[in-house]
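Chains as they are written, first to last, in my numbering: chain R, 1 to 116; chain H, 117 to 1165; chain V, 1166 to 1467.
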Amino acid sequence: MFFFASSIALILIGLYAVLVKRNIMKMVIGLSIMDTGVNILIISLGFIRGKTAPIINAKDLLVRTSSKVVDPVPQALVLTAIVIGVAVTAAALSIVMLMYSKKKSLEIEEYKELKW
Amino acid sequence: MVNPILIIAITLASAFFIGILQVYSKLWAKVFFFLVLIFDFVAAGANFYGFLSGKITSPILVKIGGFPPPIGINLFVGKAEAAMGFLIFTITLLGAYHLARRGIPEPQGKAMVLFLLLSLGAAGITFTGDFFNLFVFIEITSIAAYGLVASAKTEKSLEAAFKYMVIGSISSTFILLGVVFLYKATGSLNMLDIAKKVKTFPLTPVFSLISLVFFAGLLIELEVFPINGWALDVYQGADPVVVAVLTGAAVKAFYLIFIKAGGYLALPSFFQLSLIFGGGTYLVSQFLAWRQRDVRRLLGYSSVAQLGLLILSAGFFLNNSLPSSSRHFIALAIVLFVFNHSFAKSSLFLLVDNVETREMEGWKGILKRNPLFKFIFSTSVFSITGVPPFPGFWAKLLLIFAIPKEYAWVVGLILLGAVAEIVYYFRFYRIASDGEGEKVKKNLASPLAASLILITGGGVAWSMFSGYMGIMFNSLIIVFLMVAAAIYIFGFSKPLQWTASLVLLGYGIYRFLPSMKANLHGFFLALVFFGGAILLFATYPTSKRLSWSFYPAYLVVIFSLVGIALSTSWLNLFVYWELMSWSSFLLVNMGKKAKRAAWIYAIFSSAGAYSMLAGIYLLPKLSISKIGVTGVLIPVLLITGFLVKMATSPLHIWARDAYGESPDEFTPLLSGIMSKIGVFGSALVFLYVIANISSGPALRYGLAWLGVLTAFFMTLLAVFQEDLKKLLAYSSVGQVGYILLGLAIATPLGWNAALYHTVDHFIFKGLLFVAAAGIIYRVGTSYLPHMGGLIRRMPLTFLAVLIAIISLAGIPPMAGFAGKWLLYSALIEKQWVFITVVAFLASTLAFLYCFKILHTVFLGQLQDENKNAREVPFPIAAAETILLVATVAIGAFPRLLLDPINKVLNKIPGMKNSGLFYEKTLGAVSKLGHWNALFLMVFTVGSFIFALIFFALTSARVREVKQLDVGYAGEVPRQVEDLHFGYDLYAHFRRTVKWLIYPLVSKIWKGIYEWTGTFAEVLRRFYTGNINTYAAYVILISILILHFFAGGK
Amino acid sequence: MGVKIFYAFIALIGGIAYGLLLGGISRKITARMQNRRGPTVFQNFIDVWKLFRKKTAISHGVMFYLAPIFRLLGGAGTFLLVPIVVGNFYLSNFSFGGDLIVIMYFMVMGCLGMALGAAESGHPHAPIGVTRGLAQMAGQELPFIISVVVLMIVDKTTSVEGIVMAQQGGILHWHIFTYPFAAIAAFISLLGMMTSYPFEIVMAPQEIAIGPPTEFSSTFLSYMFSGRSVFAVAKYVLFMDLFLGGATNLLWAFLKTFLIFLWPLFITDVFPRFKLEQSVSFFWTWPTLIGLIDLLRIYIVR
């Protein structure tokens, strides 16, 4: 439950940054936080208190395995999601860098040329 | 069959290999890049062909990593996926080729890698059978897209990329959450497995909520209103080539997964969701584009709108309550829509890439100097706006007729949006074709390929459509249309084109002679053929200055008219009707100053056609025969389409300029025959629809008023018109108003009058317009005050015009009188007192402009600049003579025309006893009165000749004097004095009727246009350009979606 | 048929003569009212004869040459299509040729022909006069149409003979009494048709030097004069047939047409001239409204 709550909180913090912050760098940070929040949420969905990692090598796991381990799939998913998140953040940062090199500003108000 | 995993794996591997390769050799990297793309194209094509030809019968399932599904990741490629894959790689190849010809932006390798990744991601989205895998491919596509959008490295593109990135991240967060929740709920990630489970699963609100999270993410990617600000900014800011691939390929992959997921997850509110978001996006975006001046953003709005239509169709496609045949049609419509939009929009964006300026004003006249550009541009615009025979048209028809009647309002919405679409696209078209613009870059191979694909697709769609809707298109007409197209393609010299057209028409007459039976269809068929032949004949002398597409378009108009006249099904009629409208739009647009007129013409005729289509949609059956309907809605919708072509008030405002500014060679057809096909349609509506409804009499009375008021006001406006062709235009419209009145009377006598006037109006107005063409050719202007005194220069034309005018004015003994007599007899018999009075008054007013034509053109003083004008060229003179003889002959023997009409009417139940019989001395006798045409002719001509001889014998010695030899205010005017009274002849009368000629109707229409535009412009401010706001919209709308569509039970 | 033509010819000569005589009478009456002696009542005959005997004439072209013929044709043709004495073989003229609608449209021919000839003269006053005339026509036609439509609808016929027949059986059956408002409208409209003061806008001698015919002279003018005279008579006869129950013999015809002839005369000599705007506005208001009373009546009663 704690994980669940904290992940939701992280997502909301990230959203807050995206919605309210006027600095594009902060928005990217917000996206990253949101991403982390989602990852934790995924993990927490697969997590079952008191159970162990689904590595079948351990002896006591050989019988009635499924009742003793957490769901492995979310963890696998999260790995991928983290990688993707990193890639997106990298792409975002490079875009922000280029934007800054053009206008020397990180203010979102400066980037309203495209509208209507 | 090519294993789809190969496509993905090879592309992925190559993408990174190219990155390395290009460090060593840029050229080889490029070659390799194309090799990969071509491989993808061929492989995807082979798969698609496999499905099409039936070699592959079941979907291709690919297991990955040795795990069988549902545990392992798998690819699932069915027919739809194969088709989409082929589409994606075709568009990508076109885009990449375009990019390579233009020069791939530096660093070259990066762009190529991103390109490959984008296409691979899109293909992955299409092919994958696993939800988490889907997420991965979505991310690959998105990251590649961010990079590509940013790759132009301008301020605009970077801004767009950033916005795209922010919203894209939110969207993928939603999708990821949705996928994980799905896993949590079903314990599976495999699409088919989940679909299987969902079927047996209790569809709880919680599960709906879970799918909704996923769909919310997809809807953001699908650019629905109002969470599409980012998308519009991308369309506007990014490199057009990138946008072409994005909108043509990547977005379509998202759309496919939207449909698939909709099917798999069986979301109960999917229908409502797609109806509201798809329909809303479609309608709103079409209007938001109205005042848009940035071309790229305009196309962006259009893309968004088309996507909205697709989402809407998806909702219907997945609605289980629809009969499976309807859903089949909708699936076809979706395929056609996707195909149409992908190629047309990509082609347009690639064209945009050839033009420096972003502002629409910078496109001014761009088509004139760039013929190939013009071809591609026209094709693409026509395809997107759904002009036949392009695929978009058939898609629209298929979709509309598959929508069940209880969703009729959706059809209305679609058609309304379609009209709005035509308004802004053809404003764009108008600007691009107006005047002489600059030359553009010539990177046109890819868009050309796209437009050729579109044309082919249109042809295929047409043949498919005939099969599906069970409509037989007359194969002969199709052949003739193809010959017209061939004339266009081979572009012979103008005289040869003229000859070919005439021969074709002659052959057409020969072949269709058996169809010219004594019924309404045959009657109008004969009018179209013989009238068209005469008018076509008269175009010869000026043919050299015509556009090379004039004769092909002319032929298409004529053969579509033939098609309309022969139609036995309303839908068939509609197809030809649209074909006729659009080919005539092209013809009108050929006039030098006709661009604005053509635009308005396009709007009105398409709005009319769509209204007609709505009526046809509501009809219980499609065949043109007695139909039992109730209510006035259907007849009103149907007849509106025809009234537009007849330019009945208040739908007339297109007519003045379209008639006045269209090429002189075309106007006779526009007035003489095309307006009559509107009469044909109205007659069908009166006969088969209005006759059977209980409120028929009231409706007829209303239409009669419309007709007579049209006659009155148009006549009044003609009186004050200073341009020959515009004057004739108003006159023509007014006369057609009489025809409508005759039809609305709906007694045998009334229909006699209407049909008689239909032919007769063709004769005299055709003559007048043909003569006008000749006069304008000789004089070089159609401005009446610059003419005058031409009687000495062109006596034959004067005689012809004089007789035509006498006929027009309805003065016996010429043919026109019979129409008047029949009409008034019918009116008095019907006892519509007020209408009769207005009709009489209108025809009295017609004398005013009749005199004006004769006076300002032929009489009075000859202007210096016209001193050397000669008689009109021979073919025009010949056409004049033919029509002149016809007028006189029918004047003396009206039964030449009335007998066939009677035969026609005898076929119509209720019209059998025409109420007209013939007696030796009294001539034609109705229940009310009589008139002896032959006697009047003999009497008039005889007395005239007698008086003339008597006069010549008895009169004083006559001395011819020079023009200026007049006693003016007691003195003889000097040679330089211009005494010609040719401008504003009725100034005094205008002051009297000022309140009657206030341009109320055009002000209202203009007001509607302006206010809609202003409203759209204000509404557009909604897209603030601020990414915070966009994100807020996204969150807000997602919450609303989750709240309202969870279907909580 | 030959007999018919012969009698029609006689009637035509009579019509022209009667028209010229009426013209003379009107000139005389006007003169008397203005306290002048005035010309003899036969002055118009003298004028026509004088013009007819002129040795030379000028022409401005074909239409100009044909204008007098059109004028005469229009006048005479109208006269011959209107039955003078209904049912009388000799005096029903060529009324079998057509009904009221035919006559109404035939009436335009003469005007149009003359207008074209006048316009060809190149004299600016001519087209000015013509356009005035046409506009005035649009004005005066409205009340006339209203009353004619009333008659055609109540009598359920468009034939002049039919309308005459419908009025038989006593003076109170005349349309002037059965449909007085329609008749009033038509008779006001007649003032415009005769282009007499206050509607003397077309010729307007003081302003545009008699407008359309201004360039015509000698034989041309004599023809036009005759045409105009017989045209006037045709209109009187038409009004007689429409409103005064037609005529059962020639005497009645003379009497009734003379009465109709007198009506504009009473108005003419005591009014100044309208401007065209005023004229059209007048016709489109008062006589129209008056005519509408009867139109509404039949609309409701029907």
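Positions of the beta carbon are idealized from the N, C-alpha and C atoms, including for glycine.
Entirely within the segment 559-603 of chain H and at least 4 residues each: give me those alpha helix (DSSP H) ranges in chain order. 561-585
Is there a Cβ of chain H sitting closer than 9 angstroms to that of ILE55(R), yes or no? no
Which of the three DSSP states is assigned to LEU1281(V) in this structure? helix
Identify, in the order they occur along the chain, each residue of the same chain with its Cβ nearer than 8 angstroms to the Cβ of SER582(H), setting aside the five sequence neighbours on each side. MET588 and PHE589
With 16 other Cβ atoms within 10 Å as the buried cut-off, status of TYR1099(H): exposed
Give the range of the alpha helix (DSSP H) segment to which TYR670(H) is assigned. 666-682
Does the beta carbon of THR117(R) come closer than 9 angstroms to any beta carbon on chain H? Because chain R in this structure spans residues 1 to 116, residue 117(R) falls outside the shown range and cannot be described.
9 angstroms Cβ cutoff met for ILE326(H) and LYS300(H): yes
Only counting the same chain, and skipping five residues up and downstream in sequence, which positions put a Cβ closer than 6 angstroms to that of THR831(H)? GLY850, ALA958, LEU961 and ALA962
Using Cβ-Cβ distances below 7 angstroms, what residues of the segment 1131-1143 of chain H are close to chain R? ARG1136, ARG1137, TYR1139, THR1140, GLY1141, ASN1142 and ILE1143
With contact counted as at least three CB pairs below 8 angstroms, one residue from each stretch, are the segment 1106-1117 of chain H and the segment 1247-1261 of chain V in contact? no
Less than 9 angstroms between the beta carbons of VAL988(H) and GLU996(H), yes or no? yes
Taking the CB atoms as reference points, tell me whether ILE259(H) and ALA81(R) lie closer together than 9 angstroms. no
Beta-carbon proximity of PHE278(H) to ILE95(R), cut-off 9 angstroms: yes
Need the endpoints of the alpha helix (DSSP H) that ARG1462(V) sits in, please. 1441-1466
Within the same chain, show all residues whose beta-carbon is closer than 8 angstroms to that of LEU467(H), passing over the 5 residues directly before and after it, in chain order. PHE489, ILE492, PHE493, SER496, LEU560 and PRO563
Whole angstroms is fine: what's the gap from ALA916(H)'s alpha carbon to ARG909(H)'s? 14 angstroms
Does the separation of the CB atoms of MET1220(V) and ALA931(H) fall below 9 angstroms? The residue asked about is misnamed: residue 1220(V) is Lys in this sequence, not Met. Taking 9 angstroms as the Cβ cut-off, LYS1220(V) and ALA931(H) do not qualify as a contacting pair.
Which stretch, first to last residue, makes up the alpha helix (DSSP H) that contains PHE167(H)? 142-169
Where do the ends of the alpha helix (DSSP H) carrying SER848(H) lie? 840-861
Within 9 angstroms of any Cβ in chain H, is that where the Cβ of GLY1180(V) sits? no
What does the alpha-carbon distance come out to for the pair GLY1058(H) and PHE1051(H)? 10 angstroms
Nearest neighbour of LEU912(H), chosen from PRO991(H), LEU964(H) and MET117(H) [CA to CA]: PRO991(H)
In angstroms with no decimal places, state the Cα-to-Cα distance between LYS1165(H) and VAL322(H). Residue placement at LYS1165(H) cannot be trusted, given a pLDDT of 42 that sits under 50; what the coordinates show is reported in the next sentence. Roughly 10 angstroms separates the two Cα atoms.
Here's the rule: buried if 16 or more other CB atoms are within 10 angstroms of the residue's CB, otherwise exposed. What is THR658(H)? buried
Helix, strand or coil at PHE606(H) [DSSP, three-state]: helix
Compare the Cα-Cα distances from GLU1126(H) to each of MET706(H), TYR540(H) and GLU475(H) and report the closest residue. TYR540(H)
Reduced DSSP category for THR208(H) - H, G, I as helix; E, B as strand; rest coil: helix
Can you tell me which of LEU230(H), VAL576(H), LEU840(H) and THR863(H) puts its alpha carbon nearest to the alpha carbon of LYS1028(H)? THR863(H)
Let me check you understand the geometry: is the CB of TYR846(H) closer than 8 angstroms to at least one non-hydrogen atom of the ligand HEM? The model on display carries no ligand, and the ligand HEM is accordingly not part of it.
Counting Cβ pairs closer than 8 angstroms, one from the segment 568-577 of chain H and one from the segment 464-483 of chain H, do we hit at least three? no
Could you name the residues of chain B that ALA92(R) contacts, counting a contact when the two beta carbons are closer than 7 angstroms? Reference to chain B is not applicable here, since the protein chains of this structure are R, H and V.
Given a threshold of 16 other Cβ atoms within 10 Å of its Cβ, counted over all protein chains shown, does ILE1155(H) qualify as buried or as exposed? exposed
Straight-line gap, MET1359(V) to THR1343(V) (C-alpha atoms, nearest Å): 25 angstroms
Quick one: is TYR1230(V) near chain H, going by C-beta distance under 9 angstroms? yes
Could you tell me which of SER6(R), ILE108(R) and ALA53(R) sits nearest to VAL69(R), measuring between CA atoms? ALA53(R)
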